[in-house]
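Report on one structure; see the data block that follows.
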Amino acid sequence: MSLALTRRRAATVLMTAALLVPLAACGGESDSKKDAGAGSTSAEESPSGAQAADLTVLAAASLTDVFKTAGAAYEKANPGTKVTFSFAGSQELAAQVKQGAPADALVTADTKTMDGLRGDTGSPEIIAKNRLVIATGEGNPDRIESLKDLADPKLKVVLAAPEVPVGRYSEQVLDAQKIVVKPVSQEPNVRAVLSKVELGEADAGIVYKTDAATATDKVDAITIPDARNAIADYPAATLKTSEHTEAAAAFVSWLSGPEAQKILQDAGFQKP
């Protein structure tokens, strides 16, 4: 092969390589931009910046209706996140936490129950307050006007069990006025008390104001004056066993924000 031919081929190879380098660089830049773009629109991250996840929230029975609304609002605002609630009496929820139930956050109807789980939760935040009312059958057929009327032995009164927050609050307000009530049953949560009155299995029961508001077509709510009432605090906290700590913390924080607070207050809960 002649020396001139060899030199021409070498020059061709060098020129081709020189042309390919910028193309490769452009290709690399394009890929990295695509990667960056994909990361910024990933369904795994919510608009709030928290990682999206399937969350399980243990919540007091009195939050059943309002949390269904709140959960739907949160999912809409955070695409990719799903919130599943498990409702029960706060004492039942505490037992589930102690038994290691897989969950991400907890909301109870009292601070006492939450305080008993300090080693299992993050720092709790009070997200709402509530008060008691007397629930009677529609139209209040027994003409119940106040707590002292519940002492009438002719009435079938149902209360929550004393280990349930609403049962403890009920006991507190009755004891403060030295009113002795002998309930026909003691229920495991406030919704069970409400159900007994709704079905006519009890003439009256003590429930939260917000629970009575969910059944206005079946029960009447008799107001208990503030001076003789009890205030229920609702603390929310993440669970240390959560596999989605960032997403759980974002949800708990959201509960104190304006959107969730409006939902809670529209349902009759009071500001924290």
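Under the numbering used here, the sequence shown has 220 at position 188, and the numbering climbs by one with no breaks.
For every residue, glycine included, the Cβ atom is placed at its ideal position computed from N, Cα and C.
DSSP on A93, reduced to helix/strand/coil?
DSSP places A93 in helix when its eight states are reduced to three.
So, helix, strand or coil for V213, using DSSP?
Of the three classes helix, strand and coil, the one that applies to V213 here is coil, per DSSP.
For the beta strand (DSSP E) that E157 lies in, which residues bound it at each end?
Per DSSP, the continuous beta strand (DSSP E) segment holding E157 begins and ends at E157 to G169.
Please tell me whether T140 and P267 are closer than 8 Å, where the distance is taken between their beta carbons.
Yes, the pair counts as a contact, with Cβ atoms nearer than the cut-off.
Throw me the rounded Cβ distance for the K241 and A234 pair, which I believe falls under 8 Å.
With a contact defined as Cβ atoms closer than 8 Å, K241 and A234 miss out at about 18 Å.
Considering only their Cβ atoms, is the gap separating Q209 from L182 smaller than 8 Å?
The Cβ-Cβ distance between L182 and Q209 does not fall below 8 Å.
Beta-carbon proximity check, N110 vs A137, cutoff 8 Å:
No. Outside cutoff.
D207 - containing alpha helix (DSSP H), residue span:
D207 -> alpha helix (DSSP H) spans P197 to A208.
Identified DSSP bridge partners for I254
I166.
With burial defined as no fewer than 16 other Cβ atoms inside 10 Å of the residue's Cβ, what is the status of Q297: buried or exposed?
The residue in question, Q297, is exposed, as its Cβ has fewer than 16 Cβ neighbours within 10 Å.
Strand pairing of T88, partner residues [DSSP]:
Its beta-bridge partners are T116.
Boundaries of the alpha helix (DSSP H) in which I295 is found, first to last residue
Its alpha helix (DSSP H) spans residues P290 to D298.
Using DSSP's beta-bridge definition, name the partner residues of Q128.
Paired residue(s): none; Q128 is not in a bridge.
Own chain partners of E177 with C-beta closer than 8 Å, once the 5 adjacent residues on each side are dropped:
Cβ within range, chain order: I254.
For D154 and S118, I'd like the C-alpha separation in whole angstroms.
In the sequence as presented, Asp is not what sits at residue 154; that position holds Gly. Going from the Cα of G154 to the Cα of S118 covers about 19 Å.
Three-state secondary structure (DSSP) at A268?
Residue state, collapsed to three classes: strand.
Do you know how far the Cα of S285 is from the Cα of K294?
Cα to Cα, K294 sits roughly 14 Å from S285.
Suppose the cutoff is 6 Å on Cβ atoms and the five residues either side in sequence are ignored; what does the same chain contact list for Q302 look like?
Excluding sequence neighbours, Q302 sits near K161.
Using 8 Å as the cut-off, can you tell me whether the region 141-153 makes contact with the region 122-129, which would need three or more C-beta pairs spanning the two stretches below that distance?
Short answer: they touch.
Less than 8 Å between the beta carbons of G121 and N221, yes or no?
Yes, Cβ-Cβ distance for G121 and N221 is below 8 Å.
At 3 residues or longer, what runs of the beta strand (DSSP E) sit wholly inside the region 129-153?
If we require 3 residues or more, the beta strand (DSSP E) runs fully inside the region 129-153 come out as 137-139.
Residues near P194 by beta carbon distance below 7 Å, same chain, minus five either side
Here the set comprises R200 and E203.
Out of T168, K114 and S94, which one is the CA nearest neighbour of G103?
Selected option, being the one with the closest Cα: K114.
Given G237 as reference, the closest of A167, P134 and G171 once Cα atoms are compared
It is A167.
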